[in-house]
Structures are given as C-alpha cells and as structure tokens.
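Each residue of the sequence shown is one higher than the one before, counting from 5 in the numbering used here.
Note that beta-carbon positions come from the ideal geometry of N, C-alpha and C, so glycine has one too.
Report on the following structure.
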Amino acid sequence: MEWKVKTFDQITRDELWAIYYARVQTFVVEQKRPYQEVDDVDFNALHIWAEEDGQLLAYARVFHGQDHTTFGRVLTTPAARGKGLGKKLIEKVLEEIDEHFDHPRVEIDSQDDKENFYAKFGFKAVGDVYTFHQTPHIKMILEK
Numbered sequence: 005m006e007w008k009v010k011t012f013d014q015i016t017r018d019e020l021w022a023i024y025y026a027r028v029q030t031f032v033v034e035q036k037r038p039y040q041e042v043d044d045v046d047f048n049a050l051h052i053w054a055e056e057d058g059q060l061l062a063y064a065r066v067f068h069g070q071d072h073t074t075f076g077r078v079l080t081t082p083a084a085r086g087k088g089l090g091k092k093l094i095e096k097v098l099e100e101i102d103e104h105f106d107h108p109r110v111e112i113d114s115q116d117d118k119e120n121f122y123a124k125f126g127f128k129a130v131g132d133v134y135t136f137h138q139t140p141h142i143k144m145i146l147e148k
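Below, the structure is given as structure tokens:
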C-alpha cells in the first residue's frame with residue numbers, strides 16, 4: 005500500500021477520476037445524498053489517499069478554514085472497509101496537517117454516526133447536531 009499526498013495541480017487525470025469515482029460512490033450513491041459533491045474546495049485542498057495496485061482504498065482532503073484547519077470527504081472504498089484503514093487514514097491526515105498547516109486547531113463537520121470514531125483521536129463534539137447535505141452532522145474540534 006502506498007500513501008499519496010498531492011495538491012490539485014499535482015494530481016494526474018487517472019488519479020482525479022479515481023478520487024471522484026470513490027467520492028460520488030460513497031457520498032452520493034451509497035448514502036443516497038444528491039448534492040454537488042465535486043466543488044471548488046478541491047482546487048485549494050491537499051488530497052491524501054492510499055492505493056494498492058493502482059486502486060484507491062481510502063481518501064480525504066485537507067484545507068484551510070477561516071481560523072482553523074479542516075478536512076473532509078473521508079472515505080474507505082467498499083473493498084478496503086473493515087481492515088483498520090480508516091484509522092490509518094486519519095493518522096496520516098493529522099500527520100500531514102502538522103507538516104503543512106499552521107493552525108493549532110482542527111475543526112471538522114463529522115457525520116453524527118462517526119462522532120465516536122473521531123473522539124478516539126481527541127476530537128470533541130461542540131454544539132448540537134445539524135443537517136448538512138441531508139445527513140446529521142456535528143462539529144468537532146481538536147486543539148493541538
């Protein structure tokens with residue numbers, strides 16, 4: 005398995021297709037959420053993914069918020085689920101945040117059912133559950 009970390013301009017055509025395919029498969033098709041999944045954030049994000057034999061297994065993007073660093077579009081592909089890759093992905097995301105971003109606070113909009121997963125990394129839920137792209141979410145913060 006190989007980790008890749010690239011800006012939008014560094015991503016190849018085939019890599020971009022694999023990223024968009026996995027994101028739409030996960031967030032639009034599987035979760036039945038019709039929304040504009042591909043957006044302008046991609047241009048300024050740092051894209052992090054794991055692949056093996058040319059197949060994308062896990063993905064997330066990291067970018068600057070107003071006064072914090074944030075990440076999202078966190079996924080593992082169906083073939084990679086249940087193998088602990090989600091944990092490795094978040095560890096890699098936090099490592100890349102330390103290396104490339106200077107905000108001491110990481111703030112995410114977590115799907116509500118993933119709250120306990122992110123809590124294992126030190127994230128704390130803040131505020132009430134809200135609906136974002138037809139799915140319950142909760143804001144979570146990690147103070148570094």
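- For residue 128, the closest C-alpha among the options 117, 142, 137 is that of 142.
- For the pair of segments examined, the region 97–108 was found to touch the region 56–75: the number of CB pairs separated by less than 8 Å reaches three.
- Residue 146 and residue 121 do not touch by the CB rule: their CB atoms are close to 13 Å apart, not below 8 Å.
- In this structure, residue 26 lies near residue 60, with their beta-carbon atoms less than 7 Å apart.
- The distance from the Cβ of residue 78 to that of residue 93 is about 7 Å, consistent with a contact at the 8 Å cut-off.
- Taking C-alpha positions only, residue 23 is separated from residue 30 by approximately 11 Å.
- Rounded to whole angstroms, the Cβ separation of residue 12 and residue 46 is 6 Å, and the two are in contact under 8 Å.
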